[in-house]
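In this text, residue positions in the sequence shown follow our numbering: the first is 39, and each later residue adds one. Only one structure is covered here, and it is reproduced in the block below.
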Amino acid sequence: MPNIFDYQGKRVHIIGICGASLCGVAEMLMKSGFTVTGSDMKTTIFTPYVDRLGIHYTVGHSEDNVKGADFVVHSAAVPETNVELSYARKNGIPVLERSECVGQIFDRYKNSISITGCHGKTTITSLLGLMLVKGQMDPSIHVGGVLHYLNESGTRVGESDIMVLESCEYRNSFYNFRPHIAVLNNVDDDHLDFFKDMADVYHSFETFVDGMDKDGIIFGCIDDEQVIRLMENSGRKCISFGLGNADYTAKDIEYDAVGCAAFTPVRRGEELPRVKIHLPGSYNVANALGAMAVADYLGCDYSAMVEALDEYEAAERRFEFHGELDGVKVYHDFAHHPSAVKACMSAAKMFQYNKLWAVFQCNSFSRAYKLFDRFVEAFDPADTVIIAKIFPGREVDTGLVNGQQMADAITARGGEGIYIPEFEDIGKYLQANWKEGDMVLMVGSGDINEHVWKILKKYE
39 MPNIFDYQGK RVHIIGICGA SLCGVAEMLM KSGFTVTGSD MKTTIFTPYV
89 DRLGIHYTVG HSEDNVKGAD FVVHSAAVPE TNVELSYARK NGIPVLERSE
139 CVGQIFDRYK NSISITGCHG KTTITSLLGL MLVKGQMDPS IHVGGVLHYL
189 NESGTRVGES DIMVLESCEY RNSFYNFRPH IAVLNNVDDD HLDFFKDMAD
239 VYHSFETFVD GMDKDGIIFG CIDDEQVIRL MENSGRKCIS FGLGNADYTA
289 KDIEYDAVGC AAFTPVRRGE ELPRVKIHLP GSYNVANALG AMAVADYLGC
339 DYSAMVEALD EYEAAERRFE FHGELDGVKV YHDFAHHPSA VKACMSAAKM
389 FQYNKLWAVF QCNSFSRAYK LFDRFVEAFD PADTVIIAKI FPGREVDTGL
439 VNGQQMADAI TARGGEGIYI PEFEDIGKYL QANWKEGDMV LMVGSGDINE
489 HVWKILKKYE
């Protein structure tokens, strides 16, 4: 594999530069002394960020875009038939896929921190990052989403030897990361379009742990049985966090009217000053404890952790409030696996409302088919569940499962399931039936967030 830092000072061309991660990679490379150009098939919410960096890029792909480049980095979504990637291959220009490039950047940090897990990665990464920023520790941060404290991007390039990296297991991309510190939040049977089953997912995490520094440290969530098993078999120093009997835990947890917690952190039996978080649900208490544990290990001042927890706004698409219409509050959450949906619905139950409406767009047919019964069960707390048509993602509809079947199964279970394929029709139905004081929680990781406005638009 070519090493991009052998080409420092030269021109790197990024195919897919307006993606959530690659726009941040562009900034990291630029600040490491590379000349960066790029291209993308379309503009995205990250395009203004690329504009602010002053990077020259084109919308659309052409061989001309790559001519003169010394190195090419591309998104995993870019096929080998792409004209720019094909040109680079034919002309001997060295190429790295996005996660390979991020891994080489990550390797240059002494305190390299991978945040892993099937759920909660973005929250822990962004919380820990903010704690370290508040603690004047000048970290680098890279997350596949939008963080409000990072000027609407997901990347920060600091001057210290600390890098906090959201590290995804999908397609084993985190194999490219060899951290000194790893946070293992949970292991679940997600991404079953790639992994065969739960055992296959566990093996992926096991291989990742094996690739860590031999003197590395694992911070693991004690509330997850698979994480406990990984820690026990890791052969590395382990520090636990979570709501169970952990090194870092919480007591006297109290939830407010919107499900956000105040609690007393407990560090190895020592009670610390009470904190308040502005994220709903018990799972976010555990996420906060995970961030606090790592920050504490790195020497971050406790007052900085408290300040970060108090100021932190949820990352985009994580229980995000979108607006209010007719006295009804509308939220969206990225949850796309039954475990995450269940946690999300439990958090929603802590809110004060008259009726809870859930609107669900399942992301991928394979996920809907293989986890069907668990999805149906996860929505038990909702009064009414509206199922939109399934978002195909990377897949083609094979006819094995559809939204009507899921709605029918929810009704058969004793709930109220309604299938309404299109979001505009969902908006009209909700406005004809909701009442002041109700709450709508839109759930899913497809393009459902792009349709929230159709729920908040007033229909006559």
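Just so it is clear, CB atoms sit at the ideal spot from N, CA and C, and this is done for glycine as well.
Item, Value
"Buried or exposed (CB count within 10 angstroms, at least 16 for buried), K148", "exposed"
"Environment of Y497 [buried if 16+ CB atoms lie within 10 Å]", "exposed"
"Start and end residues, alpha helix (DSSP H) containing F403", "F403 to K408"
"Pairwise C-alpha distance: N214 and I42", "14 Å"
"Delimiting residues of the beta strand (DSSP E) encompassing E362", "E358 to L363"
"Limits of the unbroken beta strand (DSSP E) element including G183", "S178 to L185"
"Cutoff 7 Å; reference L468; Cβ partners in own chain excluding five residues on either side", "W395, V478 and I493"
"Runs of beta strand (DSSP E) lying entirely within the segment 227 to 272, each at least 3 residues, in chain order", "255 to 259"
"Residues bridged to A220 (per DSSP)", "S152 and I256"
"Beta-carbon proximity list for V104, same chain, < 6 Å, skipping 5 on both sides", "H51, E122, Y125 and A126"
"Endpoints, the beta strand (DSSP E) within which Y213 is located", "Looking at the DSSP string, Y213 is not in any beta strand (DSSP E), and its letter there is neither H nor E."
"Which residues DSSP lists as bridging Y457, in chain order", "I425"
"Beta-carbon proximity check, I55 vs D78, cutoff 8 Å", "yes"
"Given 8 Å, three or more beta-carbon pairs between the segment 171 to 184 and the segment 357 to 370", "no"
"Expected contact under 8 Å - CB spacing of F461 and A426 to nearest Å", "6 Å"
"Beta-carbon proximity check, D411 vs A324, cutoff 8 Å", "no"
"Residue nearest to V181 in terms of C-alpha spacing, selected from I162, K367 and P376", "I162"
"With 16 other Cβ atoms within 10 Å as the buried cut-off, status of W491", "exposed"
"Integer Cβ distance of I53 from S113, believed to fall under 8 Å", "7 Å"
"Under the three-state DSSP convention, the category W472 falls into", "coil"
"H489 in three-state terms, based on DSSP", "helix"
"Nearest-angstrom Cα separation, counted from V434 out to D231", "12 Å"
"Continuous beta strand (DSSP E) assignments of at least 3 residues falling wholly in the segment 281 to 361", "286 to 293, 298 to 305 and 313 to 318"
"D334 classed as buried or exposed, judged by whether at least 16 other C-beta atoms fall within 10 angstroms", "buried"
"N401 beta carbon less than 8 Å from that of K473", "no"
"DSSP bridge partner residues for T193 (one or two, in chain order)", "H180"
"L67 to I448 span [Cα, whole Å]", "49 Å"
"Contact check, A288 vs T302, beta carbons under 8 Å", "yes"
"Coarse secondary structure for M175, derived from DSSP in three states", "coil"
"Stretch pair the segment 157 to 172 + the segment 336 to 355: three plus CB contacts closer than 8 Å", "yes"
"G76, enclosing beta strand (DSSP E) - first and last residue", "T73 to D78"
"Any non-hydrogen atom of the ligand ADP within 7 Å of G452 CB", "With respect to the ligand ADP, the structure shown offers nothing to examine, as it has no ligands at all."
"For K314, the nearest candidate out of A331, V332, Y321 and I291 (CA to CA)", "I291"
"Closest residue to Y293 among R312, T422, P318 and D44 (Cα-Cα distance)", "P318"
"Exposure label - S137; buried when at least 16 CB within 10 Å", "buried"
"Check whether V110 and V133 have beta carbons under 8 Å apart", "yes"
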